[in-house]
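With the working numbering as the guide, the letters of the sequence shown map in order to residues 49 to 253.
Contents: one structure, followed by commentary.
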Amino acid sequence: MKPLFITFEGPEGAGKSTQVTRLAAALAGAGVPHLLTREPGGTPLGTTVREVLLDPALTIDPFPEFLLYSASRAQLVAEVIRPALKRGETVVCDRYSDSSLAYQGAGRGLPEALLRDLTREATGGLRPDLTVLLDLDPAVGLQRAAARGQPDRLEQADLAFHTRVRQGFLALAAEEPARFLVLDATQTPDQLASSIWIALEGRLN
Ligand SMILES: Nc1ncnc2c1ncn2[C@@H]1O[C@H](COP(=O)(O)OP(=O)(O)OP(=O)(O)O)[C@@H](O)[C@H]1O
Ligand SMILES: [Mg+2]
């Protein structure tokens, strides 16, 4: 069985972390060796960068914002993801490079070709085998996230920004229908987990 690299994408509060946890339980139940990680974060460097990126007190311009995400991602790929895949573990990552294309590209307006070039360098060209896009009206997602407490720096951005991000994700999915599984994130967690497991079983075997 070939280890897979699976990523979860979607707006704030779409249910990514919920589904990553559910998938980990399903993989464990099926005896599939796996590793869970997230972006930004997943390494000591990434965790430090994450605190900077989410700090509501900081102003960060779009390009340095992209570079900070890329720094976290480059370290995560080198230190965690590639070694795990090499050990034969399926890797599940909560956000990956599609988030940079959607947020810093479609959302902030940085040129997509530049983001793609730098991302290729940062990741050594590592791309997911499967990307689950949890698609949701950003107003609903922000409401869900707000129920958790103080908004972080990105949750504070305006609705027009989050709407561009959503369209960005959908455009990426339309470009690569074989890689993306797009799900309506207003479904229940059980329904989503079941659709994800069905899509994955086909790929694991
Ligand atoms: N399918 C769902 N339907 C309704 N509520 C959900 C669903 N999935 C998760 N939630 C709830 O929505 C909130 C956000 O979920 P979660 O943290 O999994 O989203 P996320 O995509 O990881 O968010 P973030 O982008 O902020 O990390 C939580 O309170 C969670 O319990
Ligand atoms: Mg989350």
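Ideal Cβ placement from N, Cα and C applies to all residues, glycine included.
Keep in mind the model is a prediction, meaning the values are calculated, not measured.
Between M49, P51, E60, F53, which has its C-alpha nearest A150's C-alpha?
Translated into the one-based positions of the sequence shown, residue 150 becomes position 102. A150 has its Cα closest to that of E60, out of M49, P51, E60, F53.
Pocket of ligand 4 (residues with CB nearer than 7 Å to any heavy atom), chain order:
In the structure shown, ligand 4 is absent; the only ligands present are ligand 1 and ligand 2.
On the CB-based measure, 16 or more other CB atoms within 10 Å of its CB, does Q215 come out buried or exposed?
Counted from its first residue, the sequence shown places residue 215 at position 167. Exposed: under 16 other Cβ atoms inside 10 Å.
Looking only at DSSP bridge pairs, what is I244 linked to?
Within the sequence shown, numbered from 1, the residue matching residue 244 stands at position 196. In the DSSP output, where bridge partners are listed per residue, I244 has none listed.
Ligand 1 and R196: does any heavy atom of the ligand fall closer than 7 Å to the residue's C-beta?
Indexing the sequence shown from 1 puts residue 196 at position 148. Correct: R196 has its Cβ closer than 7 Å to ligand 1.
Going by beta carbon distance, what residues of the same chain come within less than 7 Å of D103, once the five residues before and after it are set aside?
Residue mapping note: residue 103 aligns to position 55 of the sequence shown, counting from 1. Correct list, in chain order: R201.
Nearest-angstrom Cα distance between A208 and P186?
Locating residue 208 in the sequence shown gives position 160, counting from the first residue. Locating residue 186 in the sequence shown gives position 138, counting from the first residue. Cα-Cα distance, rounded: 9 Å.
Can you tell which of L158, E137, H210 has its C-alpha closest to the C-alpha of P110?
Numbered from its first residue, the sequence shown carries residue 110 at position 62. Cα-wise, what sits closest to P110 is L158.
Ligand 1 and Q204: does the residue's C-beta get closer than 7 Å to at least one heavy atom of that ligand?
Working through the sequence shown from its first residue, we reach residue 204 at position 156. No, since every heavy atom of ligand 1 falls outside the 7 Å radius drawn around the Cβ of Q204.
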